[in-house]
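Asks: Converting from the sequence shown to my numbering requires adding 68 to each position, the first position being numbered 1. A virtual CB, placed ideally from N, CA and C, is assigned to each residue, including glycine. Since we're looking at a predicted model, the values are computed, not measured. What follows is a single structure, and I will ask about it in a moment.
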Amino acid sequence: MRYHNITKDDMLNGDGLRVVLWVAGCSHCCKDCQNPITWDPNGGIPFDEAAKQEIFDQLDKPYISGITFSGGDPLHSANRLEVRNLMAEIQEKYPDKTIWLYTGDLWENVLHYAMMQYIDVLVDGEFMADKKDVKLLWKGSSNQRVIDVQKSLKQTDPVIPVLHCGDYSYGNH
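Below, the structure is given as structure tokens:
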């Protein structure tokens, strides 16, 4: 797996203050993507022990709510195995921290992935410029969904996702 950046004290990509891992590799290539530099799975730099320690140093801080995986697409074939392994390690080491993941793929296509057991919230769907709304909470376009993964997986029919939150924050009705 390769990555472009590790953002610290981020408030834009999930609840609370978070650390964000921006991975390389995305096959969705959404029009007007905010991070087209992350599309190439061979871009960025290799994810190594130093990068992992940088993430753990952030997660050690009591005020950090958790980690968000973004990119690129953490579910790109170049990333899936290492992302899953990192999530498993984070959940074991930091059971009280939340794990968020952004993907251009749809919940219906990824709900069966083994790594879903580690994810608290998944934001799905490609960014669509014609559905962009800057007032949306945790997502860029209205077609995307902010999904409570664990509640969704516990349903009789997990294909229909349980949403983590509505579209707008309290101040933006």
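Counting beta carbon pairs with one atom in the region 164-182 and one in the region 126-143, are three or more of them shorter than 8 Å?
Replies: They touch, by the three-pair rule.
Asks: Contact defined as beta carbons within less than 8 Å: I believe W90 pairs with N110. What is the distance between those atoms, to the nearest angstrom?
Replies: Incorrect: roughly 15 Å between the Cβ atoms, too far for contact.
Asks: From I158 to V87, what does the alpha carbon distance come to, in whole angstroms?
Replies: Looking at the two C-alpha atoms, the distance is approximately 12 Å.
Asks: Going along the chain, which unbroken runs of the alpha helix (DSSP H) with 4 or more residues stay wholly within the region 138-187?
Replies: Complete alpha helix (DSSP H) runs here, min 4: 148-161, 175-178.
Asks: Pick from N211, Q121, D188: whose alpha carbon is nearest that of D198?
Replies: Ranking the options by Cα distance to D198, first place goes to N211.
Asks: Using the Cβ count rule (16 or more neighbours within 10 Å means buried), how would you classify V151?
Replies: So V151 counts as buried.
Asks: Give the DSSP-derived three-state secondary structure of L205 in the structure shown.
Replies: It is coil, neither helix nor strand.
Asks: According to DSSP, simplified to helix, strand and coil, what is I215?
Replies: DSSP places I215 in strand when its eight states are reduced to three.
Asks: What are the start and end residues of the beta strand (DSSP E) that includes L190?
Replies: Here the beta strand (DSSP E) through L190 covers 189-192.
Asks: Kindly give me the distance between the Cβ atoms of M69 and F115, rounded to whole angstroms, as I take these residues to be in contact under 8 Å.
Replies: Yes, they are in contact, since the Cβ atoms of M69 and F115 sit about 5 Å apart, within 8 Å.
Asks: How long is the line joining the alpha carbons of K129 and A156, rounded to whole angstroms?
Replies: Roughly 19 Å separates the two Cα atoms.
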